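**Q** Below: one structure in structure tokens.
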Amino acid sequence: ITGYSWLSEAVTYQTIKTKSGQARLNVIEVEAWNKNLEGRYFDLKGRGPKNENEALVNSVALQRLGATIGGEVKLLDLGRTLTIVGTIEDSTATTAMSEVFVQPGAITSKTFEQVQTSYYAVGDKPISWQQIMELNKLGIGVLSKAVILDPPTKSDVPYYSAGGFDNSNSFVNVLRVLVLLPILLMP
17 ITGYSWLSEA VTYQTIKTKS GQARLNVIEV EAWNKNLEGR YFDLKGRGPK
67 NENEALVNSV ALQRLGATIG GEVKLLDLGR TLTIVGTIED STATTAMSEV
117 FVQPGAITSK TFEQVQTSYY AVGDKPISWQ QIMELNKLGI GVLSKAVILD
167 PPTKSDVPYY SAGGFDNSNS FVNVLRVLVL LPILLMP
């Protein structure tokens, strides 16, 4: 797709020194402080990392590390120490999930771990349903705010036109549970 800049998000896990010992925590390489990701990431306090030796953490991680802004995150696997320059929250994280945020490439460029990477297309024009269908044919999953806010008709969605089931009827879902649960529980 042309006409967009791309922001990457790679998730890895590192053993990190905590106030009570050590734990394996999510380390996310993403410009979480980028204004284009506002909403996905929110409540920035402090500033974004300026180099690979700085990090943001969420409030849960800050407590778990027993640290403050200006404190340290010790990456035991890599023998590195990062300076905490702020906090930020992740809209997809649970309330118990500790997360560390660093610049793209700050960790994965130093390891050979396999990571899950997502990309955000940033531009003035929204990604259309037609573009999503073209990318899906290439095996690329796409989530578009414009399509979520103005979804295509069911007849334009290949899943439904091929006979896919619509889960939007909660009465049907309750009925399905009432009918299938006894069958599943039978010896």
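The sequence shown: position 177 = 193 (the numbering used here), numbered continuously. For each residue, glycine too, the CB sits at the ideal point set by N, CA and C. Computed from a predicted structure; not experimentally measured.
Can you tell me whether Y57 is buried or exposed, with buried defined as 16 or more other CB within 10 angstroms of its CB?
**A** Here residue 57 is taken as the residue at index 41 of the sequence shown, counted from 1. Counting Cβ neighbours within 10 Å, Y57 comes out buried, since at least 16 surround it.
**Q** Tell me which same chain residues have a C-beta within less than 6 Å of the C-beta of D59, skipping the five on either side of it?
**A** Numbered from 1 along the sequence shown, position 43 holds the residue referred to as residue 59. Contacts found: E105.
**Q** Is the distance from the Cβ of I85 to the Cβ of K66 below 9 Å?
**A** In the sequence shown, residue 85 corresponds to position 69, counting from 1. In the sequence shown, residue 66 corresponds to position 50, counting from 1. No, they are not a contact pair.
**Q** Find out if the Cβ-Cβ distance for the pair N74, S36 is shorter than 9 Å.
**A** Within the sequence shown, the letter at position 58 stands for residue 74. Within the sequence shown, the letter at position 20 stands for residue 36. Taking C-beta atoms as the reference points, N74 and S36 fail to come closer than 9 Å.
**Q** For the beta strand (DSSP E) holding K161, just list the boundary residues, first then last.
**A** Here the question's residue 161 lines up with position 145 in the sequence shown. That residue, K161, is in no beta strand (DSSP E); its alpha helix (DSSP H) goes K161 to L165.
**Q** Kindly indicate which three-state DSSP category K33 falls into: helix, strand or coil?
**A** Numbered from 1 along the sequence shown, position 17 holds the residue referred to as residue 33. Note: K33 maps to strand in three-state DSSP.
**Q** Is the segment 139-149 touching the segment 93-111 in the sense that three or more CB pairs, one from each, lie closer than 8 Å?
**A** no
**Q** Which runs of the beta strand (DSSP E), 3 residues or longer, sit entirely within the segment 22-82?
**A** 37-46, 57-62 and 70-73
**Q** Going by C-alpha to C-alpha distance, which of E150, L72 and P168 sits closest to V46?
**A** The count along the sequence shown starts at 1 and reaches residue 46 at position 30. Put simply, of E150, L72 and P168 the residue whose alpha carbon is nearest the alpha carbon of V46 is L72.
**Q** Could you compute how far the alpha carbon of A26 sits from the alpha carbon of E150?
**A** The sequence position of residue 26 within the sequence shown is 10, counting from 1. The sequence position of residue 150 within the sequence shown is 134, counting from 1. Answer to the nearest angstrom: the Cα atoms are 24 Å apart.
**Q** Can the beta-carbon of Y136 be found closer than 9 Å to that of N52?
**A** Here the question's residue 136 lines up with position 120 in the sequence shown. Here the question's residue 52 lines up with position 36 in the sequence shown. Yes. Within cutoff.
**Q** Closest to Y20 by C-alpha separation, out of Q147, K170 and Y176, would be which residue?
**A** To locate residue 20, count along the sequence shown from 1; it is residue 4. Measuring from the Cα of Y20, the nearest candidate turns out to be Q147.
**Q** Which first and last residues belong to the alpha helix (DSSP H) in which L151 is found?
**A** By one-based count along the sequence shown, residue 151 stands at place 135. Residues W145 to K153.
**Q** Whole angstroms is fine: what's the gap from T18's alpha carbon to K33's?
**A** Within the sequence shown, numbered from 1, the residue matching residue 18 stands at position 2. Within the sequence shown, numbered from 1, the residue matching residue 33 stands at position 17. Going by C-alpha positions, T18 is about 43 Å away from K33.
**Q** Starting from Y176, trace the alpha helix (DSSP H) both ways and give me its first and last residue.
**A** If you number the sequence shown from 1, residue 176 lands on position 160. Taken as a continuous stretch (DSSP letters only), the alpha helix (DSSP H) holding Y176 covers P174 to S177.
**Q** Taking the alpha carbon of S125 as the reference point, which residue from L94, K90 and S177 has its own alpha carbon closest?
**A** In the sequence shown, residue 125 corresponds to position 109, counting from 1. Taking only the C-alpha atoms, the option nearest S125 is L94.
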